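Asker: Under the working numbering, the first residue of the sequence shown is numbered 388, with each subsequent residue one higher.
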Amino acid sequence: MDFSNFSILYAEDEQGISQNISSLLKIYFKNVFIAKDGLELLELYRLYAPDILLIDICMPHLDGLDALKIIRKKDPNIPAVIVTAHTDTNHLLKAVELFITKFITKPFDKKTLFEALEFALKPKFDEKTRLRDDIFYSSKNKTIDISGHTVALNKKESLLLELLLMNRGKIISSYIIEEYVYAGEEMSEDALKSLLKNLRKKIGQDIIINKKGLGYIIYE
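1) Tell me the rounded alpha-carbon separation between Asp424 and Cys445.
2) Out of curiosity, what's the CA-to-CA distance linking Lys511 and Met553?
3) In this structure, how does DSSP classify Ser394 when only helix, strand and coil are distinguished?
4) Just the Cα atoms here: how many angstroms apart are Lys589 and Ile533?
5) Terminal residues of the continuous beta strand (DSSP E) containing Ser526?
6) Closest to Lys461 by CA distance: which of Leu548, Tyr569, Lys497 is it?
7) Rounded to a whole number of angstroms, what is the C-alpha to C-alpha distance between Ile605 and Pro437?
8) Would Ile414 and Tyr397 qualify as a contact pair, given that the criterion is a beta-carbon distance under 9 angstroms?
9) Sort out for me which residues DSSP pairs Lys616 with in a bridge.
10) Can you say whether Val470 is buried or exposed, counting buried as having 16 or more other CB atoms within 10 angstroms of its CB?
11) Does the Cβ of Asp450 have 16 or more other Cβ atoms within 10 Å, making it buried, or fewer, making it exposed?
12) Classify Thr488 as buried or exposed, calling it buried when 16 or more other Cβ atoms lie within 10 Å of its own Cβ.
13) Over the uninterrupted beta strand (DSSP E) stretch that includes Lys493, give me the two end residues.
14) Quick one: grab the DSSP three-state call for Phe416.
15) Give the single residue among Lys557, Ile564, Ile558 whose Cα lies nearest to the Cα of Ser545.
16) Quick one: using the 10 Å Cβ neighbour count with 16 as the cut-off for buried, is Ala472 buried or exposed?
17) Could you tell me the alpha carbon to alpha carbon distance between Gly403 and Glu427, rounded to whole angstroms?
18) What residue from Ser560, Gly591, Ser581 has the CA that sits closest to Gly600's CA?
19) From Lys456, Leu547, Asn541, pick the residue whose C-alpha is nearest to that of Ile594; which is it?
20) Does DSSP classify Asn597 as helix, strand or coil?
21) Just the Cα atoms here: how many angstroms apart are Glu399 and Thr499?
Rendered as C-alpha cells:
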C-alpha cells in the first residue's frame, strides 16, 4: 500500500521509541507530525488535520485515550491506531468505546505496525465499498450507488453505515450507535428506528440486520 499521499500524527512520550518510529514513518508518509504528550497531540491535530492517528496510551498531562475522546467529538471518522504496553480490561473497554480502528501492544515490529496502519487507512483507499451485488457506498461522497443511480446520505445515515461497515460481521449495540452517531446527544428509541428506516430505504431492507436485544450487523 502506498502511504505517500497521507499525513500521520504520532504521539509517544518515550523519546527513544518516538525517534525510531517517526524515522520509519517519514520514509513512507507524506507528512509526519510528532507529539510528546496528549495536549500536544490535540494542538497538532487542530493545526494539521492529519489523515490518521498513531497514539500511545500512557502520556503525561493527558493520556492518549482521553485525547482521542476529545478529537472524536470533532472528527468521529478519523482512523486511530492505539499503541500500548497495557492489556488490562479497563483500557481495552475504553478503547472499544472510542472505536479504535486497530490496537497493538509493545513491543511490536515493522510488519505489525504497517499492517495496522494499512488496515486503518483502507477505507480511504477504497473509494467505494460493495454492500451487495450492484449496491456500493462511497465514503468520500457519502452516497449510495444502486445500478448507476446515486442516492445521497445525510450525516447520521453515513455515520451509522460507516460504523457498521468498519465492524462488518460484528453486532453493534444501540449504546455504541448512540456514542458514535449522536456524539453525546441523547438518542431515543424512536430516533434510532427512524434513522434505520430512512437508511434502509436508500440501501435496501435486508443489508442491516437487527439482532433482537443485541444490536445491528452488516454481514461479510
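The beta-carbon is built from N, C-alpha and C at its ideal position, and this holds for glycine as well. Note that the coordinates shown come from a computational prediction; the quantities given were computed from them, not determined experimentally.
Answerer: In short, the structure shows the following:
1) For this step, residue 424 is matched to residue 37 along the sequence shown. For this step, residue 445 is matched to residue 58 along the sequence shown. Whole-angstrom Cα-Cα distance: 9 angstroms.
2) For the purposes of this step, residue 511 is taken as residue 124 along the sequence shown, with counting starting at 1. For the purposes of this step, residue 553 is taken as residue 166 along the sequence shown, with counting starting at 1. Those two C-alpha atoms are separated by around 12 angstroms.
3) Against the sequence shown, residue 394 aligns to sequence position 7. It is a strand residue.
4) Here residue 589 is taken as the residue at index 202 of the sequence shown, counted from 1. Here residue 533 is taken as the residue at index 146 of the sequence shown, counted from 1. Going from the Cα of Lys589 to the Cα of Ile533 covers about 9 angstroms.
5) Here residue 526 refers to the residue found at position 139 of the sequence shown. First-last for Ser526: undefined, no H or E at that position.
6) Taking the sequence shown and counting its residues from 1, one reaches residue 461 at position 74. Selected option, being the one with the closest Cα: Tyr569.
7) Counted from its first residue, the sequence shown places residue 605 at position 218. Counted from its first residue, the sequence shown places residue 437 at position 50. Cα-Cα distance, rounded: 29 angstroms.
8) As a first step, residue 414 is located in the sequence shown; it is residue number 27 there, counting from the start. As a first step, residue 397 is located in the sequence shown; it is residue number 10 there, counting from the start. No. Outside cutoff.
9) Outside the shown range of the chain, which is 388 to 607, sits residue 616, and nothing can be said about it.
10) Residue mapping note: residue 470 aligns to position 83 of the sequence shown, counting from 1. Buried is the call here.
11) The residue you call residue 450 lines up with position 63 of the sequence shown. That one is buried.
12) Taking the first residue of the sequence shown as position 1, residue 488 is located at position 101. Result: buried.
13) For the purposes of this step, residue 493 is taken as the residue at position 106 of the sequence shown. It is not in any beta strand (DSSP E) - Lys493 carries neither H nor E in the DSSP assignment.
14) Reading the sequence shown from its first residue, position 29 is the one you call residue 416. The answer is coil: DSSP assigns Phe416 none of H, G, I, E or B.
15) If you number the sequence shown from 1, residue 545 lands on position 158. Ranking Lys557, Ile564, Ile558 by Cα distance to Ser545 puts Ile564 first.
16) For the purposes of this step, residue 472 is taken as the residue at position 85 of the sequence shown. So Ala472 counts as exposed.
17) On the sequence shown, residue 403 is found 16 positions in, with the first residue counted as 1. On the sequence shown, residue 427 is found 40 positions in, with the first residue counted as 1. Answer to the nearest angstrom: the Cα atoms are 18 angstroms apart.
18) Translated into the one-based positions of the sequence shown, residue 600 becomes position 213. The shortest Cα separation from Gly600 among Ser560, Gly591, Ser581 belongs to Ser560.
19) Mapped onto the sequence shown, residue 594 falls at position 207. Nearest option by C-alpha distance: Leu547.
20) Locating residue 597 in the sequence shown gives position 210, where the first residue counts as 1. DSSP places Asn597 in strand when its eight states are reduced to three.
21) Indexing the sequence shown from 1 puts residue 399 at position 12. Indexing the sequence shown from 1 puts residue 499 at position 112. If you take the alpha carbons of Glu399 and Thr499, they lie about 17 angstroms apart.
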